[in-house]
Amino acid sequence: MTIPNHLVLIPDGNRRWARAHNLPAVMGHRQVVEKVFPKLVKKAITMGISYFTIWGFSTENWQRSQEEIDGLLQLFDLFFDQYGQRLDEQDVRIVCIGRRDNLEASLLKKITTWEEKTKNNKKMQLTIAFNYGGRDEIVRAINKILSENKLKQIDEANFAQYLDTAVTAMPDPDLIIRTSGEQRLSGLMSWQAAYSELYFSQKTMPEWTEKDLEIAIDDFQQRERRYGK
3 MTIPNHLVLI PDGNRRWARA HNLPAVMGHR QVVEKVFPKL VKKAITMGIS YFTIWGFSTE
63 NWQRSQEEID GLLQLFDLFF DQYGQRLDEQ DVRIVCIGRR DNLEASLLKK ITTWEEKTKN
123 NKKMQLTIAF NYGGRDEIVR AINKILSENK LKQIDEANFA QYLDTAVTAM PDPDLIIRTS
183 GEQRLSGLMS WQAAYSELYF SQKTMPEWTE KDLEIAIDDF QQRERRYGK
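First residue of the sequence shown? That's 3 in the working numbering, and the numbers climb one at a time after it.
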């Protein structure tokens, strides 16, 4: 059976899960980072998925309360501190996509350190979309093209070389999963997702298990992908 080469996860419902348990919003995010993601990453490796992308923080998330933003940034630090070495030992390459020009120097250093340390790992590429927005990515790509002033004509292939995903020649997503019943992409990989299969789960992200990932992959395997043919 076909396993998606590139799996993308939009984790939603963290705050709803926290409210349902009478907890602060950040505790929903913490539950996912500490309990859910490590198991899903391990399962993805076992299933033979080559590229696994997780949307960690969007460009729109800066509009949330300062308390929640601070909590999310701390969790991003925690992710690297607790799991960076473990991922390296599992032969996983860590890559981040998204804007970097407005990140604090300490956070940017942590990102680049782990990207450099794991750049030769081959088992799987784990991509964290951090400070990422699909429209923002496209606008930044266009500005790069304009600043270089090299191209007289743009086609799909050379435009794609200016996207964040071109840094590691990342293939377009085969399957995009969104949790918590929301049925939209919210701009994730707006260019790259043109022919991605979509799977929407009613369960919130903190409730997800390896079994839920298996169910989503099984659903993907029942589909016929024709790419407009």
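Backbone N, C-alpha and C fix where the C-beta goes; we use that ideal spot for every residue, glycine too.
Met49 carries a helical assignment under DSSP once its states are collapsed to helix, strand and coil.
Of all alpha-carbon atoms in Asn104, Ser188, Gln163, the one lying nearest the alpha-carbon of Arg137 is that of Ser188. Per DSSP, the unbroken alpha helix (DSSP H) holding Glu117 starts and ends at 107-119.
Phe59 is not a Cβ neighbour of Val43, given a cutoff of 8 Å.
Beta bridge pairing from DSSP links His8 with Tyr53. Straight-line measurement puts the Cα of Leu128 at about 10 Å from the Cα of Ile47. A residue is called buried when at least 16 other Cβ atoms come within 10 angstroms of its Cβ; Asp14 meets this threshold and is buried. The three-state secondary structure of Ile217, taken from DSSP, is helix.
Cβ-Cβ separation between Ile5 and Ile51: approximately 6 Å, consistent with a contact (criterion under 8 Å). Per DSSP, the continuous alpha helix (DSSP H) segment holding Ile144 begins and ends at 136-150.
Of Glu69, Glu118, Asn104, Asp166, the smallest CA-CA separation from Arg95 is found for Glu118. If you draw a straight line from the Cα of Asp166 to the Cα of Trp57, it is about 14 Å long.
Counting of Cβ neighbours within 10 angstroms places Ser108 among the exposed residues, the total staying below 16.
With 16 or more neighbouring CB atoms inside 10 Å of its own CB, Trp210 falls in the buried class. Contact check for Leu77 against Arg32 passes: the beta carbons are separated by less than 8 Å.
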